[in-house]
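Asker: Each residue of the sequence shown is one higher than the one before, starting from 1 at the first, in the UniProt record's numbering. A virtual CB, placed ideally from N, CA and C, is assigned to each residue, including glycine.
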Amino acid sequence: MHKDIGSIVLTEEQIQAACERLGKRLTEDYKHTVPLCVGILKGSVLFMTDLIKKIDTHVEIDFMDVSSYHGGTESTGEVKILKDLSTSVEGRDVIIIEDILETGTTLNAIIDLLSYRKANSIEIVTLLDKPSRRKVAIEAKYVGEKIPDDFVVGYGLDYQEKYRNLPYIGLLKEEVYS
Ligand code: 5GP
Ligand code: MG
Ligand code: MG
């Protein structure tokens, strides 16, 4: 275990089991269409690469990078597109792939945008869900694990851009923040 990690929230094995389980459901649900899997950078990259290997039907992939505008401490719900898709979503069945769903403001704005661009359907796959933090009414159809309201790192998730490369998800030791 990395020296800065105090405890593990999800082991590599638990993450792989979640990918397997979600991949099976997606294979079944999307067998009659070729969905566009949209990974939200940068946090979802590790999850996306493991998940799509468990989907046993044709998929296409693309990426988007967005940042939330924050007026003070509250998110305004608007997002700024830092990197847009290179694929048209019009008429497509879109699967948004996220690392973690917290307040829901980011995903809410992305869904609005993709709806405006006339996607045929939009569903969310998130590895982690913190339902206790939700501010907008948005739910993911596909959830890896529900977790309590703690700040987690690893497997794509960062603290000051670090720890994304850990193969598991954990909590940082208190001393790392100070
Ligand atoms: P929200 O759902 O609040 O719009 O934003 C979710 C985003 O906030 C995630 O994609 C992620 O980048 C970041 N985030 C939320 N909770 C955590 C957490 O516990 N750890 C880390 N590293 N990032 C988080
Ligand atoms: Mg994210
Ligand atoms: Mg981050």
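Across which residues does DSSP place Val-79 in a beta bridge pair?
Answerer: Counted from its first residue, the sequence shown places residue 79 at position 79. Per DSSP, Ser-68.
Asker: Please classify Ser-178 as buried or exposed, where buried requires at least 16 neighbouring CB atoms within 10 angstroms.
Answerer: For the purposes of this step, residue 178 is taken as the residue at position 178 of the sequence shown. When all chains shown are included, Ser-178 counts as exposed.
Asker: Use the C-beta contact count for Arg-21: other C-beta atoms within 10 angstroms, 16 or more gives buried, fewer gives exposed.
Answerer: Along the sequence shown, one-based indexing puts residue 21 at 21. Per the 10 Å Cβ criterion, exposed.
Asker: Measuring straight from C-alpha to C-alpha, what distance separates Ile-52 and Gly-23?
Answerer: As a working mapping, residue 52 is identified with position 52 in the sequence shown. As a working mapping, residue 23 is identified with position 23 in the sequence shown. Cα to Cα, Ile-52 sits roughly 7 angstroms from Gly-23.
Asker: Which two residues bound the contiguous beta strand (DSSP E) that contains Gly-91?
Answerer: Numbered from 1 along the sequence shown, position 91 holds the residue referred to as residue 91. Note, Gly-91: premise wrong, no beta strand (DSSP E); not H, not E.
Asker: Does the distance from the CB of Glu-12 to the CB of Tyr-116 come in under 8 angstroms?
Answerer: Position 12 of the sequence shown, counted from the first residue, corresponds to residue 12. Position 116 of the sequence shown, counted from the first residue, corresponds to residue 116. Taking 8 angstroms as the Cβ cut-off, Glu-12 and Tyr-116 do not qualify as a contacting pair.
Asker: Please classify Thr-73 as buried or exposed, where buried requires at least 16 neighbouring CB atoms within 10 angstroms.
Answerer: As a first step, residue 73 is located in the sequence shown; it is residue number 73 there, counting from the start. With a pLDDT of 48 at Thr-73, under the threshold of 50, the predicted position of this residue should be treated as unreliable, and no value is reported.
Asker: Using three-state DSSP, classify Phe-47 as helix, strand or coil.
Answerer: To locate residue 47, count along the sequence shown from 1; it is residue 47. DSSP places Phe-47 in helix when its eight states are reduced to three.
Asker: Less than 7 angstroms separating the Cβ of Ser-86 from some heavy atom of ligand 1?
Answerer: Here residue 86 is taken as the residue at index 86 of the sequence shown, counted from 1. Checking every heavy atom of ligand 1 against the Cβ of Ser-86, none is found closer than 7 angstroms.
Asker: Per DSSP, what kind of secondary structure is residue 214 in: helix, strand or coil?
Answerer: With the chain represented from 1 up to 178, any question about residue 214 goes unanswered, as that position is not in the structure.
Asker: So for Thr-126, helix, strand or coil by DSSP?
Answerer: Locating residue 126 in the sequence shown gives position 126, counting from the first residue. Strand at Thr-126.
Asker: Whole angstroms are fine: how far does the CA of Asp-150 sit from the CA of Ser-7?
Answerer: Position 7 of the sequence shown holds residue 7. Position 150 of the sequence shown holds residue 150. Near 12 angstroms, if we compare the C-alpha coordinates of Asp-150 and Ser-7.
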